[in-house]
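Residue numbers (the UniProt record's numbering): 1 to 442.
C-beta atoms are modelled at their ideal positions from N, C-alpha and C, and glycine is treated no differently.
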Amino acid sequence: MFSFPEVKEVTRRTSGGTEFTILVCEDHHLEECPYCCMSFVEPNREAKEEAEEQDRVERSLRCDAPGCSKKGTQKCRSCKEARYCSKECQVSHWSVHKEACKKVKETGLQVNIGMLGEDKIVDVYPIGTRIAIWGLQEQEGHIRKFNVGRGPFKDPLYCVKREGFRKYRDQFDDPSFSCHYLVGMTDGSNEVLEASDVHNSWIAVNQHGVPLHIVEEEKNQTLPSIPEGGIRFPSTPRVLLVSVGVQECFHAEAIRAGIREEHPSIEVDSVDFDRPEVIERVLSGKYSCVVLVGVGQAGPGDMKRYYHLDLRHVLSAWVGAGGVLLLPRGEGCVGKILSDWFGLQWKNSAYQRSDRMGRKRECRSVSPDLLGSFPSSMTVKACFFSGVAREHQVFAETRDRCAVAVAPVGNGKVCLLGDVNASRETVAVVCALAARQNEEAH
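Next comes the structure, spelled out in structure tokens:
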């Protein structure tokens, strides 16, 4: 039986005391191990940034009175900006706060905290508005930088909501709605927004939140031609294994080695993500299964790599004709791809380690014998998804917390796996699906 290097979780703390988990190889305790061919530098950096962001959020919600570290549960009635834990703290801070409070009242600017315009894609504010959205306080520096040299501050500031999801915050002991926003300045025409997301990745979008490179493609791009006679498939299973990012290499290697061990007769072609090459290979008729490892990991700022009309055109046609598309380590904006390309309304709902999840007997999107070949249970650290129909859930904690899902799309199938650590159970599911020839494609 194949055994790939084990991954070990190590707990660390930020300067603010928030715990977070990093990954190292179990044998050598290294984040980047040349012996095990594993690299966790990027996911560990992201884990630290998330923990530091949680520190910033906690600090922003504390009482503004000097020397008080309690949670600020009351807002100043005049400006709605300052927070206090009690009336006594508000009174003691008034001599300091009154000037700032007066300026906010005079300009008529409203500080917007948390969820902004849930039913809208774009929120518009006058230049100078302080936007204290959860997790985006650091963007105020970028906004001020944009204002320099622009003359009269007449252009509006746009706040574009990219994707919303529910997140559980232990410090509040209740679920709160969190949104992913892009914030930035429009150009003179008020049609193009240069925006920054929470990771400071810049991208140009229009007022509807659509990346401009997609708008231009819709105008100018000639889509790839589907081969005459339609999409073809091989007579025996063959897998195209694609790593979207460097940090996904260990995950892809675990899948490749697992297939080689469990199904040595199946050919696996491993490549790094290159859009023209992926399109050419998918249309070649050589593959029954395509595995895209890590789609959505890089966030909206890197969508230019794979969110393109030509790739959508080819993959949606290929899956519809009978191909099996697997998306291991899927999170972030993978929900937008699933929605726009395949009509699956699956959304991020949580990111954490699961309890032990049993295999869902109610799943109807795969045959009973294939379902029976999956592990009987799994425990994973994963990105969970909501909106998955019960008949499409393979492993789930609750109805709105699904870690592995398979859905029929046309004559093919799309499978999303949220596990971030390439657990044995996840690799086993991928191997079983990759080895199964889709009868409906022939």
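When the alpha-carbon of P408 is set against those of Q90, I279, E391, the nearest one is in E391. The beta-bridge partner set that DSSP reports for N348 consists of F385.
Counting only residues of its own chain and dropping the five nearest sequence neighbours on each side, V334 has a CB closer than 8 Å to the CB of V295, G296, L327, L416. Look at D400 here: in three-state DSSP terms it is coil, with no helix or strand label. Rounded to whole angstroms, the separation of the alpha carbons of R62 and I337 is 38 Å.
For R77, the secondary structure class from DSSP, reduced to helix, strand or coil, is coil.
8 Å or more divides the Cβ of G322 from the Cβ of V290. Taking C-beta atoms under 8 Å as the contact rule, L371 and R359 qualify, at a distance of about 7 Å. Cβ-Cβ distances below 7 Å link S316 to W341, F342 in the same chain, with the five nearest sequence neighbours on each side left out; the list follows chain order. About 7 Å separates the beta carbons of A428 and F374, which is inside the 8 Å limit, making them a contact pair. In the DSSP assignment, K413 falls outside any alpha helix (DSSP H) and lies within the beta strand (DSSP E) extending over 412–417. Using a 10 angstroms sphere on the CB of W318, the tally of other CB atoms reaches 16 or more, which defines it as buried. Residue environment: G258 is assigned as buried (16 or more neighbouring CB atoms within 10 Å of its CB, all protein chains considered). Secondary structure at E19: strand, using DSSP grouped into helix, strand and coil. In the structure shown, the three-state DSSP call for D64 is coil. With a cutoff of 8 Å on beta-carbon distance, G320 and G410 are scored as near each other. The beta carbon of H93 is closer than 8 Å to those of D64, A65, P66, A82, Y84 in its chain, skipping five residues each way along the sequence.
Boundaries of the beta strand (DSSP E) around R13: 7–13.
Of the candidates V404, I226, K8, V404 places its Cα closest to the Cα of S376. Positions of the beta strand (DSSP E) runs, each at least 3 residues long and wholly inside the stretch 267–342, are given as 267–272, 289–293, 324–328 in order along the chain. According to the DSSP assignment, R232 belongs to no beta strand (DSSP E), since it is labelled neither H nor E. With at least 16 other beta carbons inside 10 angstroms of its own, P237 counts as buried.
For L371, the enclosing alpha helix (DSSP H) stretches over residues 368–373.
A Cβ-Cβ separation of about 13 Å leaves S354 out of contact with D400 under the 8 Å criterion.
With 16 or more other CB atoms across the displayed protein chains lying within 10 angstroms of its CB, P43 is buried. Boundaries of the alpha helix (DSSP H) around C431: 424–435. For C89, the three-state secondary structure derived from DSSP is helix. DSSP, read as helix, strand or coil, puts C33 in strand.
From the listed residues L23, H29, R232, F20, the smallest Cα separation to G412 is found for R232.
CA-to-CA, the gap between K98 and E49 works out to about 34 Å. In the DSSP assignment, F40 is bridged to no other residue. Here V244 is near L292, since their CB atoms are less than 8 Å apart. A straight line joining the alpha-carbon of R260 with that of I266 spans about 7 Å. Annotation for A382: S354, A403, G418, D419, V420 place their beta carbon closer than 7 Å to its own, counting only its chain and skipping 5 residues before and after. Separation of L223 and A389 (C-alpha to C-alpha, rounded to the nearest whole angstrom) is 32 Å.
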